[in-house]
Amino acid sequence: MASIMAEVIDGYDRVLDGELSGIAYLFDLIDTYRLTNDEILYLAYMAADIIERRPVVEMAAAKCRSG
1 MASIMAEVID
11 GYDRVLDGEL
21 SGIAYLFDLI
31 DTYRLTNDEI
41 LYLAYMAADI
51 IERRPVVEMA
61 AAKCRSG
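Structure follows, in structure tokens:
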């Protein structure tokens, strides 16, 4: 389950970054691992929780140079 979780987190990040559509990613994940509805909900919840707990870099703290 740990390897699936790592892939789910990576996929979730890719969806958030706009590299991949959420529907395409979800269908691929379901097809690859043959997940049940309960497993899908659990993995999505855990991935979102892990990503939400990550430290956020404040944009105001970063120096901006306009040229």
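All residue numbers for the sequence shown refer to the numbering used here, where the first residue is 1 and numbers rise by one.
Beta carbons are placed, not taken as given, at the ideal position from N, Cα and C, and that holds for glycine.
For residue 52, the first and last residue of its enclosing alpha helix (DSSP H): Numbered from its first residue, the sequence shown carries residue 52 at position 52. Its alpha helix (DSSP H) spans residues 37-52.
Are residue 43 and residue 8 touching if we call contact CB-CB under 8 Å? To locate residue 43, count along the sequence shown from 1; it is residue 43. To locate residue 8, count along the sequence shown from 1; it is residue 8. Their beta carbons are under 8 Å apart, which means residue 43 touches residue 8 by this criterion.
Cα-Cα separation between residue 17 and residue 37, rounded to whole angstroms: Stepping through the sequence shown from its first residue, residue 17 is reached at position 17. Stepping through the sequence shown from its first residue, residue 37 is reached at position 37. Looking at the two C-alpha atoms, the distance is approximately 25 Å.
Would DSSP call residue 56 helix, strand or coil? Taking the first residue of the sequence shown as position 1, residue 56 is located at position 56. Residue 56 falls in the coil class under three-state DSSP.
Residues of its chain near residue 46, where Cβ-Cβ distance is below 7 Å and the 5 sequence neighbours each way are ignored: On the sequence shown, position 46 is the one that residue 46 refers to. The beta carbon of residue 46 lies closer than 7 Å to those of 5 in the same chain, with the five residues before and after it left out.
Using DSSP with H/G/I as helix, E/B as strand and the rest coil, what is residue 21? By 1-based counting over the sequence shown, the position of residue 21 is 21. In the structure shown, the three-state DSSP call for residue 21 is coil.
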